[in-house]
Amino acid sequence: MITLYHAANTRSLRVLWLLNELGLEFELKTLPFTPDALKDPAYLKLNPFARVPALVDGDTGLFESGAILEYLLATYGNGRLMPDTDSAQYGVYLQWFHFAEATLMPPLSAIAQHTVIRPEDERIPAVAEDGAKKVAEMLAVIEDTLSDKPYLLGDKFTAADIMMGYSLHLANLFGILPNFPNLTAYWTRLQDRDACKAALATT
């Protein structure tokens, strides 16, 4: 049995969404997003960095949302939600899949840290403002990419859209996404998927 450790509005949303898309059976353990819960010794054995997600599948234990998505697709996907590895689109798929976390998430995380997560006396408004500026610059590129297609790879929804979707969820929470009509429409399309609705309902 697959077990997912999840907290509201965190990267574990990506994993929950994919599990729903693939129709897999799993146990969901929802944690409060607090130091006490995430630094509990039992949980630290699953994710020593005191973050979510963590996933256990038999003898396999994983953290890092992108790695978990790749594992689930390789183990249970049967070719779903990704292009064939010999497809011309495979490289583009990998590009957007990893861009969503490696490039777009750091400035989003800076906003979160300095507006919500850190104690008020530790927040630096200039860091949050710089993060918002960087996010807007990146979203402008994706806005152009989606000017003539519904998903990152065209007409086909893939796991790259799941990775990007969570990042846009945060951008929307921070009030940045509404400045970009193509991305707003894209995020609406993603939210219309039953698997995304089910994942968001737990947040």
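For the sequence shown, counting from 1, position 107 maps to 456 in my numbering; every step adds exactly one. Note that beta-carbon positions come from the ideal geometry of N, C-alpha and C, so glycine has one too.
Excluding the 5 residues preceding and the 5 following residue i in the sequence, name in chain order all residues of the same chain whose CB lies nearer than 6 angstroms to its CB.
{"i": "residue 408", "result": "none"}
{"i": "residue 446", "result": "509, 512"}
{"i": "residue 483", "result": "456"}
{"i": "residue 450", "result": "415"}
{"i": "residue 529", "result": "488, 492"}
{"i": "residue 506", "result": "500"}
Just confirm the distance between the C-beta atoms of residue i and residue j, as a whole number of angstroms; I'd bet it's less than 8 angstroms.
{"i": "residue 526", "j": "residue 513", "result": "In fact, because the Cβ distance is near 12 angstroms, the residues do not count as touching under 8 angstroms."}
{"i": "residue 475", "j": "residue 464", "result": "Wrong, their Cβ atoms sit about 12 angstroms apart, outside the cutoff."}
{"i": "residue 516", "j": "residue 453", "result": "5 angstroms"}
{"i": "residue 481", "j": "residue 460", "result": "6 angstroms"}
{"i": "residue 395", "j": "residue 364", "result": "The Cβ separation is near 13 angstroms, so there is no contact."}
Just to confirm my understanding: we take residue i, look at its own chain, exclude 5 residues before and 5 after, and list those with CB closer than 8 angstroms. What are they?
{"i": "residue 359", "result": "382, 400, 401, 402"}
{"i": "residue 380", "result": "354, 355, 356, 386, 387, 392, 401"}
{"i": "residue 494", "result": "501"}
{"i": "residue 504", "result": "498"}
{"i": "residue 543", "result": "369"}
{"i": "residue 433", "result": "439"}
DSSP three-state call for residue i: helix, strand or coil?
{"i": "residue 466", "result": "helix"}
{"i": "residue 352", "result": "strand"}
{"i": "residue 441", "result": "helix"}
{"i": "residue 376", "result": "strand"}
{"i": "residue 406", "result": "strand"}
{"i": "residue 448", "result": "helix"}
{"i": "residue 430", "result": "coil"}
{"i": "residue 502", "result": "coil"}
{"i": "residue 411", "result": "strand"}
{"i": "residue 381", "result": "coil"}
{"i": "residue 530", "result": "helix"}
{"i": "residue 388", "result": "coil"}
{"i": "residue 401", "result": "coil"}
{"i": "residue 357", "result": "coil"}
{"i": "residue 551", "result": "coil"}
{"i": "residue 510", "result": "helix"}
{"i": "residue 524", "result": "coil"}
{"i": "residue 436", "result": "coil"}
{"i": "residue 396", "result": "coil"}
{"i": "residue 543", "result": "helix"}
{"i": "residue 473", "result": "coil"}
Near residue i, what residues of its chain come up, given a Cβ to Cβ distance below 7 angstroms and the 5 sequence neighbours on each side ignored?
{"i": "residue 491", "result": "532"}
{"i": "residue 539", "result": "510, 514, 545"}
{"i": "residue 521", "result": "536"}
### Task
Indicate whether the contact test is met: 3 or more Cβ pairs, each with one atom in the segment 543-550 and one in the segment 391-411, closer than 8 angstroms.
These segments do not touch.
### Message
Counting beta carbon pairs with one atom in the segment 413-430 and one in the segment 367-375, are three or more of them shorter than 8 angstroms?
### Response
yes
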